[in-house]
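Here is the structure we will look at, set down as structure tokens.
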Amino acid sequence: MIHPENSEEYKGLTVNSGVTQQSTVNPYLNRMRFRRRQLSAAEMVEGIVKGDITVLSQAVTLVESVNPDHQAKAQEVIEKCLPYSGNSIRIGISGVPGAGKSTSIDVFGTHVLEQHGGKLAVLAIDPSSERSKGSILGDKTRMEKLAVHPKSFIRPSPSAGSLGGVARKTRETIILCEAAGFDKIFVETVGVGQSETACHSMVDFFLLLQVAGTGDELQGIKRGIMEISDGIVINKCDGENVDRCHMAATNFRNALHFFPKPESGWLPKVMCYSGFYGTGVKEVWDMIYEYIAFVKQNGYFQYRRNEQSKYWMYETINEQLRNSFYHNADIKAMLKTAEQAVLNGEKTSFAAAGDLLDFYFKK
91 MIHPENSEEY
101 KGLTVNSGVT
111 QQSTVNPYLN
121 RMRFRRRQLS
131 AAEMVEGIVK
141 GDITVLSQAV
151 TLVESVNPDH
161 QAKAQEVIEK
171 CLPYSGNSIR
181 IGISGVPGAG
191 KSTSIDVFGT
201 HVLEQHGGKL
211 AVLAIDPSSE
221 RSKGSILGDK
231 TRMEKLAVHP
241 KSFIRPSPSA
251 GSLGGVARKT
261 RETIILCEAA
271 GFDKIFVETV
281 GVGQSETACH
291 SMVDFFLLLQ
301 VAGTGDELQG
311 IKRGIMEISD
321 GIVINKCDGE
331 NVDRCHMAAT
341 NFRNALHFFP
351 KPESGWLPKV
361 MCYSGFYGTG
371 VKEVWDMIYE
381 YIAFVKQNGY
391 FQYRRNEQSK
401 YWMYETINEQ
411 LRNSFYHNAD
421 IKAMLKTAEQ
431 AVLNGEKTSF
441 AAAGDLLDFY
451 FKK
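Our numbering numbers the first residue of the sequence shown as 91 and each following residue consecutively.
Next up, the structure:
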């Protein structure tokens, strides 16, 4: 094969070798210079108590980590923050997708900061993909006013497959936020489902957002969510939707009369408001403060917090047992065999599970 550069007409010309491709990384870059110094647990607590948002964010990341070393350090930080916690109003906000949860949080949060002062932390739970396990964590973009407010802290967290979408570590994050001086805390759940039960077990006031015209006010399946609600707010009460909203509110009030009276002695109120136009926001906050004053007076406020602490102790025991079981080396080796026996029809699912548990507890 004759190469063109070897042709007679190009005689006397030479082909130089190309320039060696240089590395895209600056060889004089000192990587160590940009590495963030790891704070000790005591330094983290000191920063959190001073209200340092950067340190608080690092501590929350530590709490959410699955690294055992990080978990041990996170627990130390949480325990040292406990004496500074408990001085906030915790509000759970839930509702069907499209009910306007993020918009409502933005409006409610801005109103309470401007009218009542203090600091607000928003713990927004983002659903994780069942396939990729990833989350968009985009709620912050829909809270335009709070995102730039100097007295607010918005922390989107992935649900990471935990019960119904409420992040497993949200309760610990609440403690850290309270220690940092946040006296109002919003916990937003993914949507209507089991997550509300978990959310209800960590907040003082549970607010359910609804929209008119969806038929929800007539669905018995929503009884569970309505029973744990301390207040129901119908959003998008504006324009031509006003009459439908007030009709829906009447239906909700009628439905609530058929439910047993809550332990708190408080009859949940139903209100209409517009998140887009910001009408009715003051009335919603008046209802929340009225409820807090009511339950503090009759002693239910502290009783509920004590019950929540017990609930999370048992939940933690269940979780630790589950993790211990699945991370056991012998169990890992036996799981595939047990799984195959079930698939081959040699054992029932219950018998295989029983054998594994018997081995684990007798070991």
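Using N, Cα and C, we set each Cβ at its ideal position, and we do this for glycine too.
Pick helix, strand or coil for residue i, following the three-state DSSP scheme.
i: V156; result: coil
i: P173; result: helix
i: L447; result: helix
i: L129; result: coil
i: M337; result: helix
i: S291; result: coil
i: A383; result: helix
i: C362; result: strand
i: V109; result: coil
i: I315; result: helix
i: I378; result: helix
i: G329; result: helix
i: F440; result: helix
i: S97; result: coil
i: G208; result: coil
i: K453; result: coil
i: A214; result: strand
i: K351; result: coil
i: K241; result: coil
i: L298; result: strand
Given a cut-off of 7 Å on the beta-carbon distance, is the pair residue i and residue j in contact?
i: K170; j: V135; result: yes
i: V277; j: C289; result: yes
i: R245; j: M292; result: no
i: G199; j: L146; result: no
i: G190; j: G365; result: yes
i: F243; j: A211; result: yes
i: C362; j: I315; result: no
i: A428; j: L446; result: yes
i: S184; j: T279; result: yes
i: R334; j: A302; result: yes
i: S192; j: M233; result: yes
i: V197; j: V371; result: yes
i: R180; j: I275; result: yes
Name the residue from the options whose alpha carbon lies nearest to the alpha carbon of residue i.
i: K386; options: S113, G188, V153, D294; result: D294
i: I322; options: L213, G182, L447, C267; result: G182
i: L152; options: L203, D445, K259; result: K259
i: S175; options: I264, W402, L203; result: I264
i: K351; options: W402, M233, T287, E317; result: E317
i: Q345; options: V238, K359, A431; result: Just to set this straight, residue 345 is Ala in the shown sequence, not Gln. Among V238, K359, A431, the Cα nearest to that of A345 belongs to K359.
i: T144; options: V156, Q128, H417; result: Q128
i: S178; options: E397, N413, F391; result: F391
i: K209; options: S354, I382, D142, E98; result: D142
i: Y381; options: L357, W402, Y404, C327; result: L357
i: D376; options: S414, Q161, V202, N157; result: V202
i: E353; options: R394, I168, G444, F296; result: R394
i: V374; options: L172, L297, N408; result: L297
i: P173; options: G271, R343, S439; result: G271
i: K326; options: G368, G355, H347; result: G368
i: G355; options: N331, N116, N388; result: N388
i: L425; options: N157, S97, A443; result: A443
i: Q410; options: E99, T287, P158, E98; result: P158
Determine the direct distance from the alpha carbon of residue j to that of residue i, and round the result to whole angstroms.
i: L299; j: D273; result: 22 Å
i: S247; j: G329; result: 35 Å
i: E166; j: S130; result: 10 Å
i: V150; j: T110; result: 46 Å
i: V282; j: S319; result: Bear in mind that the predicted position of V282 carries a pLDDT of just 49, short of 50, making it unreliable; the figure below should be weighed with that in mind. Between V282 and S319, the C-alpha separation is close to 12 Å.
i: E133; j: F451; result: 40 Å
i: F449; j: P240; result: 55 Å
i: A423; j: Q430; result: 12 Å
i: R412; j: T406; result: 10 Å
i: V139; j: V238; result: 22 Å
i: K453; j: Y401; result: 29 Å
i: G310; j: A338; result: Below a pLDDT of 50, predicted positions are generally treated as unreliable, and G310, at 41, falls in that range; the measurement from the model is reported next regardless. Cα to Cα, the separation comes out at about 15 Å.
i: G254; j: V186; result: Here G254 scores only 38 on pLDDT, less than 50, and its place in the model should not be relied on; the value that follows carries that caveat. Each residue's Cα considered, the two are about 13 Å apart.
i: N396; j: A214; result: 24 Å
i: T454; j: Q398; result: Shown here, the chain extends from 91 to 453; a query on residue 454 therefore has no answer.
i: N434; j: T114; result: 55 Å
i: K437; j: F415; result: 21 Å
i: F349; j: H417; result: 44 Å
i: E204; j: Y379; result: 16 Å
i: M403; j: H160; result: 20 Å
i: H336; j: G188; result: 19 Å
i: G137; j: Q148; result: 10 Å
i: T287; j: Q112; result: 58 Å
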